[in-house]
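First residue of the sequence shown: 0, per numbering that gives the first Met the number 0; consecutive thereafter.
Ideal Cβ placement from N, Cα and C applies to all residues, glycine included.
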Amino acid sequence: MKKIIILGLFLLAGCTAKEAQKAETSASAEIVPYINKNYSESDSVAKIDFVQLTQVAIKNLSSMQVGYNPEATEVKFLPSDVSSDVKFVPSTDWQSVKILRNKDSEIWKSFIVEVFEINGYEQSKTTSFKICKDIWKDIDNRVPTVIDELSTRINEYEKAGSTPATQHIQYGYFFDLDASHYKDGYPIVCTIAYAKK
C-alpha cells in the first residue's frame, strides 16, 4: 500500500490542473478525484482519503512545492523559494501546510496550516485561516463557516485578555485554531482532523 500511495503522490505532483485527474498505478489501483458536494447541516464528514485530500491541496496551493517523507505518511507544502528540507526557525517568516496519515492507512489523520509572518500577528492569522478555508471550501462547504466562527471567537478572547486559542468539534471534524504562541516566535496554526468517536 505504501508503494501505491507514493506512486499516487508522484503522479499527483506531476499533474497540473489542466491535465487529466485519473492515473493508473502499477498495482492497477486508480486515483479517483474527490467530487465536491454541497453538505447540509445534518450530513456527516466528507468522505475523502489521504491522496484525494492531497490532490485538492495541490490544486489550491499550486505556487507551493510539494514533498513527502519516505514512509509517505506526511505530505508537506512549502513556499517555492525555500529549500525543500528547510526547518522552522522561531521569529522568521514561515508558511507550511501538512497532511498526515497513519502508516498503512489510506485515511488522512490531520490537516495542519502553520503561518508566521514577521510583518504582523493579524496578517499571520488572516493568512493561516484563509489557507485552511480556501482548501476546505473545495471539500466540505460547511468548514469555512466554522473557521470564521472560531476566528471570531479568538478575536473575542484577545479582547478579553484570554489565550487566543480554541478547539471545537462540529460535523465530525475536530478544529484547533491556535494563535497563542505568536509572541514567542511560533506560527499561528489551523488544524483540522476527524473527531474521535
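- Just measuring C-alpha positions, the residue of 53, 153 and 133 sitting nearest residue 71 is 53.
- Residue 122 sits exposed, since fewer than 16 C-beta atoms from the chains shown fall within 10 Å of its C-beta.
- The three-state secondary structure of residue 38, taken from DSSP, is coil.
- Here residue 152 carries a helix assignment [DSSP, helix/strand/coil].
- A direct Cα-to-Cα measurement between residue 78 and residue 144 gives close to 26 Å.
- Annotated three-state conformation of residue 29 is strand, per DSSP.
- Cα atoms of residue 44 and residue 139: separation of roughly 8 Å, rounded to the nearest angstrom.
- Residue nearest to residue 108 within the set 36, 41, 174 and 39 is 174 (criterion: CA-CA distance).
- In this structure residue 117 is exposed. Its beta-carbon is surrounded by fewer than 16 other beta-carbon atoms within 10 angstroms.
- Apart from sequence neighbours up to five positions away, the residues of its chain that approach residue 59 with a beta-carbon distance below 7 Å are 133, 134 and 137, ordered along the chain.
- Following the DSSP letters along the chain, one finds residue 55 inside the alpha helix (DSSP H) bounded by residues 49-59.
- Taken atom to atom, the span from the alpha-carbon of residue 113 to that of residue 41 is near 30 Å.
- Around the beta-carbon of residue 87, fewer than 16 other beta-carbon atoms lie within 10 Å, marking it exposed.
- Between the stretch 89-102 and the stretch 170-190 there are three or more C-beta pairs closer than 8 Å, enough to call the two in contact.
- A distance of 8 Å or more separates the beta carbons of residue 95 and residue 64.
- When 195, 146 and 62 are compared, the shortest CA-CA separation from residue 81 is found for 62.
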